[in-house]
Amino acid sequence: MTDKAPTLQEVSTLVVEAIEAATGFLNDRKTYQALSAGQDLSLSALELDSLATFEIIMFLEERLGLELDADAFGPDVTIHGLAKLLTSRLADRDA
Amino acid sequence: MTSVLAKPAPGPEPAPKTVNDPGQIVGALTSSQFDVVDYAGRYASLARALKLDFSHIMRTLRYIPACVEAAHHGPLRRQIGELIAERQTLARNLTPLILDQLLARLHHPGAHELVTTVLRPYIEKTLRILSGIELDETTLDQALLSALFSQGAGIARRRRLNAQLGTVWQWLDQVYAAEPESRRGVRLALIVLGSDATLGTLADSLHAALPRRRAPFSELEFAAAPTHTGVPYVDRRAVTSGTTGGQVWAADAVARLQLNIFEANALADERHRFFGAGAHTCLGRAIATKMWVTLGQALRDLPGEVEVESLTWARSDVLRIPQEFWVKISHD
C-alpha cells in the first residue's frame with residue numbers, strides 16, 4: 001500500500017488476497033468464477049474456522065495498519081461489506 | 001511451568017452453552033465437574049499456528065487463578081489473598097484521600113466525564129497500592145487487559161498487550177528481583193483481575209445509583225455493596241460428563257454462566273452471588289465493596305446537585321467496560 005488511502009476496490013482485492021492466503025478458496029472453481037464475475041460472497045459461506053479468521057485478521061492488520069477484531073466477521077458480513085468497513089475505518093483514522 | 005496451565009481440550013473448542021438458571025450457575029461454580037477454560041491453550045495454539053510471540057501473555061496467565069487448572073488453583077488464590085491482606089489496610093486508609101483529590105473537580109458545576117477523571121484513576125491508584133506495581137513506570141494500558149480473556153481480540157491488539165506486559169514483567173523482575181517468580185506473578189494478577197472488572201462494576205452500580213433528574217448529592221442513597229457487575233459471565237469447561245444442577249453436561253462442554261442475572265435480585269445476599277461462588281469467589285469482593293462504599297460517602301459530601309447525562313460502553317466480548325460516563329453538576 002502507498003501512503004495514499006486505498007480505495008474500496010483496492011481494499012476489496014486485499015480482503016480476497018487475505019482469504020486466499022488463509023484458505024486457498026480461489027481453488028474452488030465456482031468461487032473463482034463468482035468473484036471474477038463481480039459477485040459478492042458471504043464470509044459465513046466460507047465456513048472459516050477460528051485459525052483461518054485470525055490469519056485473515058493478521059494479514060489485513062499488517063497490510064492496512066489497523067486493529068481488527070473477530071467480530072468484524074459476523075454471520076451477515078460479505079467480502080464487500082468487510083472491505084467497506086475497513087475503508088471506512090481507514091478514512092476515520094486518516095481524517 | 002506449562003504444567004500448571006489448564007490442559008487443552010482435544011480438538012476444536014465447542015461453542016459455550018448459556019446458563020441463566022441461578023441454581024445451575026452456583027452448581028457449576030462449586031462442582032468438581034467443571035474447571036476453568038483453557039485461555040493459555042488458546043494463546044499457545046494461536047502462537048504456534050501463526051508463529052507469534054505471546055510469551056509475556058503466557059507468563060502472565062500462569063498466575064491468574066481463572067486460567068490454571070483446579071490442582072494449582074487453591075495455592076495461587078492463597079498467594080493473591082495474602083498479598084491483598086498485607087496491603088488492604090494501607091489501601092483502605094488511602095482510598096478516601098485518593099478520592100478527595102479526584103473528586104475536587106466535581107466541586108465545579110458543568111458536565112463531567114467520570115470514567116477517565118474519577119473511576120479509572122481511583123481503581124488504578126488503589127490497585128497500585130495493593131499490587132506494589134508502579135504502573136507509571138511501565139507502558140501498560142489497562143484498557144487492553146480484557147484481551148487476555150477475549151476470543152475475538154485481533155492479532156494486533158494481542159501483540160500490543162504482549163509487548164506491554166513485557167514492560168511490566170521487566171519492571172517486576174528488576175524491582176522485585178529478590179522475590180520468587182510466583183510472588184511477582186500474583187502482583188500482576190491483581191492488576192489484570194482488578195482493573196476492568198472493578199471499573200465496570202463501579203460504573204454500572206454508580207449509573208444505577210445516580211439520579212436521572214437533578215438531585216442533591218447529599219440526598220443520594222447508595223446500597224451497602226455494588227449492585228451491578230462488570231463481569232457479566234464466566235465460562236467453565238466440563239472436565240467429565242455428568243449432571244450438575246439438574247443439567248446433563250458432556251465432557252469438554254463449555255458452560256457460559258451468566259453472573260449478571262443475579263443483579264436483578266432484591267436480596268443483597270443473593271445479588272452478590274455475581275461475585276461468584278465456591279473456589280472461584282472473587283478475591284477482590286471485599287476491596288471492591290469498600291471502594292464502592294468509600295465512593296458513595298465521598299459523593300454524598302459534594303456540594304450541589306447531580307444528574308446522569310449518558311453512559312456508553314466500550315466494545316468487549318468478555319467484560320462490561322464503560323467508555324464514557326457523563327454527569328451534569330449544578331449549583332443553582
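Protein sequences appear in the order of chains A and B. The letter at position 91 of the first sequence is residue 91 when you use the numbering used here, and the numbering goes up by one with no holes. The letter at position 101 of the second sequence is residue 101 when you use the numbering used here, and the numbering goes up by one with no holes. We treat Cβ as the ideally placed atom computed from N, Cα and C, and that holds for glycine.
Pick from A:Arg93, A:Asp92, A:Leu85: whose alpha carbon is nearest that of Leu8 (chain A)?
Taking the first residue of the first sequence as 1, we reach residue 8 (chain A) at position 8. The residue with the shortest Cα to Cα distance from Leu8 (chain A) is A:Leu85.
May I have the straight-line CA-CA distance separating Asp38 (chain B) from Leu68 (chain A), to the nearest angstrom?
Walking along the second sequence from the start, residue 38 (chain B) turns up at place 38. Walking along the first sequence from the start, residue 68 (chain A) turns up at place 68. Going by the C-alpha atoms only, they are around 23 Å apart.
From the DSSP output, read off the bridge partner residues of Phe34 (chain B).
Against the second sequence, residue 34 (chain B) aligns to sequence position 34. According to DSSP, Phe34 (chain B) bridges with B:Ala238.
Kindly indicate which three-state DSSP category Ile329 (chain B) falls into: helix, strand or coil?
Translated into the one-based positions of the second sequence, residue 329 (chain B) becomes position 329. The answer is strand: DSSP assigns Ile329 (chain B) an E or B state.
Which residue comes first and which comes last in the beta strand (DSSP E) that contains Arg320 (chain B)?
Your numbering for residue 320 (chain B) matches position 320 in the second sequence. No beta strand (DSSP E) holds Arg320 (chain B); DSSP gives it neither H nor E.
Which first and last residues belong to the beta strand (DSSP E) in which Thr53 (chain A) is found?
On the first sequence, position 53 is the one that residue 53 (chain A) refers to. Unbroken run through Thr53 (chain A) is the alpha helix (DSSP H), 50 to 64; no beta strand (DSSP E).
How is Lys290 (chain B) classed by DSSP in three states: helix, strand or coil?
Within the second sequence, the letter at position 290 stands for residue 290 (chain B). If DSSP states are grouped into helix, strand and coil, Lys290 (chain B) belongs with the helices.
State the DSSP-derived secondary structure class of Arg62 (chain B), mapped to helix, strand or coil.
Taking the first residue of the second sequence as position 1, residue 62 (chain B) is located at position 62. It is coil, neither helix nor strand.
At a CB-CB cut-off below 7 Å, which residues of chain B make contact with Ile79 (chain A)?
Numbered from 1 along the first sequence, position 79 holds the residue referred to as residue 79 (chain A). Going along chain B, no residue has its Cβ under 7 Å from Ile79 (chain A), so there is no contact; the nearest lies around 18 Å.
Determine, for Arg157 (chain B), whether the minimum Cβ-Cβ distance to residues of chain A falls below 7 Å.
For this step, residue 157 (chain B) is matched to residue 157 along the second sequence. True, the Cβ-Cβ gap to chain A drops below 7 Å.
Quick check: the Cα distance between Asp141 (chain B) and Gln39 (chain A), rounded to an integer number of angstroms?
For the purposes of this step, residue 141 (chain B) is taken as the residue at position 141 of the second sequence. For the purposes of this step, residue 39 (chain A) is taken as the residue at position 39 of the first sequence. Going by the C-alpha atoms only, they are around 42 Å apart.
Cα separation between Met291 (chain B) and Phe25 (chain A)?
For the purposes of this step, residue 291 (chain B) is taken as residue 291 along the second sequence, with counting starting at 1. For the purposes of this step, residue 25 (chain A) is taken as residue 25 along the first sequence, with counting starting at 1. Computed Cα separation, rounded: 54 Å.
So, is Pro8 (chain B) buried or exposed, given that buried needs 16 or more other C-beta atoms within 10 angstroms?
The sequence position of residue 8 (chain B) within the second sequence is 8, counting from 1. Interpretation of Pro8 (chain B) is limited by its pLDDT of 40, a score under 50 that renders its predicted location unreliable; the figure taken from the coordinates is listed afterwards. Label assigned to Pro8 (chain B): exposed.
Mind reading off the beta-carbon distance from Ile79 (chain A) to Val16 (chain A)? Whole number of angstroms is fine, and I expect it under 8 Å.
The residue given as residue 79 (chain A) occupies position 79 in the first sequence. The residue given as residue 16 (chain A) occupies position 16 in the first sequence. So it is a contact: roughly 6 Å between Cβ atoms.
To which residues of the same chain is His207 (chain B) closer than 7 Å at the C-beta, ignoring the five residues directly before and after it?
Counted from its first residue, the second sequence places residue 207 (chain B) at position 207. The answer, listed in chain order, is Val308, Leu311, Phe325.
Grouping DSSP H, G and I as helix and E and B as strand, with all else coil, what is Gly110 (chain B)?
The sequence position of residue 110 (chain B) within the second sequence is 110, counting from 1. Strand at Gly110 (chain B).
Am I right that Ser218 (chain B) and Arg105 (chain B) are in contact with their C-beta atoms under 8 Å? What's the rounded C-beta distance?
Here the question's residue 218 (chain B) lines up with position 218 in the second sequence. Here the question's residue 105 (chain B) lines up with position 105 in the second sequence. Not really, about 18 Å apart at Cβ, beyond 8 Å.
Can you round the beta-carbon distance between Glu61 (chain A) and Ala156 (chain B) to whole angstroms, since I take them to be within the 8 Å contact cut?
Taking the first residue of the first sequence as position 1, residue 61 (chain A) is located at position 61. Taking the first residue of the second sequence as position 1, residue 156 (chain B) is located at position 156. Indeed they touch by this definition, with Cβ atoms about 4 Å apart.
For Ala349 (chain B), which residues from the same chain have a beta carbon less than 6 Å from its beta carbon, with the 5 sequence-adjacent residues on both sides left out?
No information on residue 349 (chain B) is available, as it lies outside the stretch 1 to 332 that chain B covers here.
So what's Gln297 (chain B) in DSSP terms, helix, strand or just coil?
Here the question's residue 297 (chain B) lines up with position 297 in the second sequence. In this structure, Gln297 (chain B) counts as helix in the three-state DSSP scheme.
Listed from N- to C-terminal order along the chain, which residues in the segment 31 to 61 of chain B have their beta-carbon within a distance smaller than 7 Å of any beta-carbon of chain A?
Result list: Leu46, Ala49, Leu50.
The alpha helix (DSSP H) that contains Lys84 (chain A), what's its start and end?
Counting from 1 along the first sequence, the entry for residue 84 (chain A) is found at position 84. Start and end: 79 to 94.
Of all the CB atoms in chain A, is at least one closer than 7 Å to the CB of Ala251 (chain B)?
Taking the second sequence and counting its residues from 1, one reaches residue 251 (chain B) at position 251. No, because no Cβ of chain A sits closer than 7 Å to the Cβ of Ala251 (chain B).
In three-state DSSP terms, what is Met1 (chain B)?
One-based indexing of the second sequence puts residue 1 (chain B) at position 1. In this predicted model, Met1 (chain B) has a pLDDT of only 36, less than 50, meaning its place in the structure is not dependable; the value taken from the coordinates is given anyway. Coil at Met1 (chain B), not helix or strand.
Report the three-state DSSP secondary structure of Val231 (chain B) (helix, strand or coil).
The residue labelled residue 231 (chain B) in the question sits at position 231 within the second sequence. Residue state, collapsed to three classes: coil.
Find out if the Cβ-Cβ distance for the pair Val186 (chain B), Leu83 (chain B) is shorter than 7 Å.
Your numbering for residue 186 (chain B) matches position 186 in the second sequence. Your numbering for residue 83 (chain B) matches position 83 in the second sequence. Yes.
Between which two residues does the beta strand (DSSP E) containing Glu309 (chain B) stretch?
Taking the second sequence and counting its residues from 1, the one referred to as residue 309 (chain B) is at position 309. 305 to 313 is the extent of the beta strand (DSSP E) around Glu309 (chain B).
Find the residues of chain B that neighbour Asp94 (chain A), judging by a C-beta separation of less than 8 Å, and give them in chain order.
Looking up residue 94 (chain A) in the first sequence gives position 94. What Asp94 (chain A) touches in chain B: nothing, since even the nearest Cβ is about 17 Å away.
By Cβ distance, which residues of its chain are closer than 8 Å to Thr167 (chain B), with the 5 residues on each side in sequence left out?
Within the second sequence, the letter at position 167 stands for residue 167 (chain B). If we look at Thr167 (chain B) and ignore the five residues flanking it on each side, its Cβ neighbours are Thr138, Thr139, Leu140.
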